[in-house]
Structures are given as C-alpha cells and as structure tokens.
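**Student:** Numbering follows our numbering, in which position 103 of the sequence shown is assigned residue number 128; successive positions increment by one, without gaps.
Ideal Cβ positions, reconstructed from N, Cα and C, are used throughout, including at glycine.
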Amino acid sequence: VGFVRLSENQVQSRFIKTNIPKGALHVLQEGFKGTLDHNSTIDLFGTTTDKSYWQYIYLTEPDIILQTRKSALPQLKRALDQGFVLAPHRLQPIPHETDFFGLVDQHKIVPNTGNFSLLLNLDS
26 VGFVRLSENQ VQSRFIKTNI PKGALHVLQE GFKGTLDHNS TIDLFGTTTD KSYWQYIYLT
86 EPDIILQTRK SALPQLKRAL DQGFVLAPHR LQPIPHETDF FGLVDQHKIV PNTGNFSLLL
146 NLDS
C-alpha cells in the first residue's frame with residue numbers, strides 16, 4: 026500500500042475545487058510515465074518491484090477496505106484479464122423490525138412481514 030500527497034494544482038478541476046480522484050489518476054499517470062520525483066515514485070510503487078510489475082490499480086474511497094481471501098486473488102486477476110471491471114461496494118446495514126422493540130416510528134425500518142420475515146442470522 027502506498028500513497029503520494031497531492032498538490033493543489035493536481036486536484037483542481039474545471040468544476041470542482043478539490044477533485045481527489047482526478048489528482049490520484051494524474052499521479053498514477055505520472056508514476057507510470059516516469060515523470061514523478063524519485064521519492065514519490067518509491068512512495069507509490071514501493072522498492073521491492075519495478076513499476077512494470079503493477080498491472081491493475083485498486084482505486085477507491087479512503088474509508089473502503091478491500092477484504093478478500095488470498096485464495097480468491099487468482100480469480101480476481103483472471104476476471105480483470107478478461108476485461109471485467111471489479112468495483113468495490115459498501116455493505117450497508119438496513120434497520121429491520123426485529124432489531125427494535127417498541128419502536129413508534131415504524132415507517133423508517135423494514136417490516137418483519139412477507140419476504141422480509143425470511144432472515145438469515147449471520148451471528149454465530
């Protein structure tokens with residue numbers, strides 16, 4: 026895992042004053058073109074492999090963590106090699122009626138009826 030600090034001119038765009046994704050892609054391009062300074066190149070790519078080692082970049086929000094089994098990495102790489110795009114997603118907890126007892130404001134939760142009553146308990 027590496028990071029490079031971005032300057033203000035790298036993150037400014039026509040419509041957004043601080044456009045972090047634009048800056049991140051700009052620095053990646055500079056890194057792969059070899060136009061970054063030596064320390065930033067090391068911060069971005071590390072010292073154990075040449076930058077040509079990197080085939081894919083995982084670009085996401087700073088608060089999303091990639092969590093996967095090591096055994097799944099070959100399948101992920103195979104999907105990328107076939108041209109698929111792998112996009113991270115957030116697990117969003119949704120309040121369910123069984124999570125609350127005596128809640129007056131019922132319209133803000135999923136009711137415990139119909140298909141919504143068929144829950145799989147993941148706690149073990």
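Which two residues bound the contiguous alpha helix (DSSP H) that contains Gln100?
**Tutor:** It spans 98–106 - the alpha helix (DSSP H) in which Gln100 sits, taken as one unbroken run.
**Student:** The alpha helix (DSSP H) that contains His63, what's its start and end?
**Tutor:** His63 -> alpha helix (DSSP H) spans 63–70.
**Student:** Kindly list the residues whose CB is nearer than 6 Å to the CB of Leu89, restricted to its own chain and excluding five residues on each side of it in sequence; keep chain order.
**Tutor:** It is Ile, not Leu, that sits at residue 89 in the sequence shown. Here the set comprises Pro113.
**Student:** Distance, Cα to Cα, Thr43 vs Glu33?
**Tutor:** For Thr43 and Glu33, the distance between alpha carbons rounds to 8 Å.
**Student:** Pull up the distance between the alpha-carbon of Val36 and that of Asp75, whole angstroms please.
**Tutor:** Rounded to whole angstroms, Val36 to Asp75 spans 26 Å at the Cα level.
**Student:** Taking buried to mean at least 16 other C-beta atoms within 10 Å of its own C-beta, is Val29 buried or exposed?
**Tutor:** With 16 or more Cβ atoms within 10 Å of its Cβ, Val29 is classed as buried.
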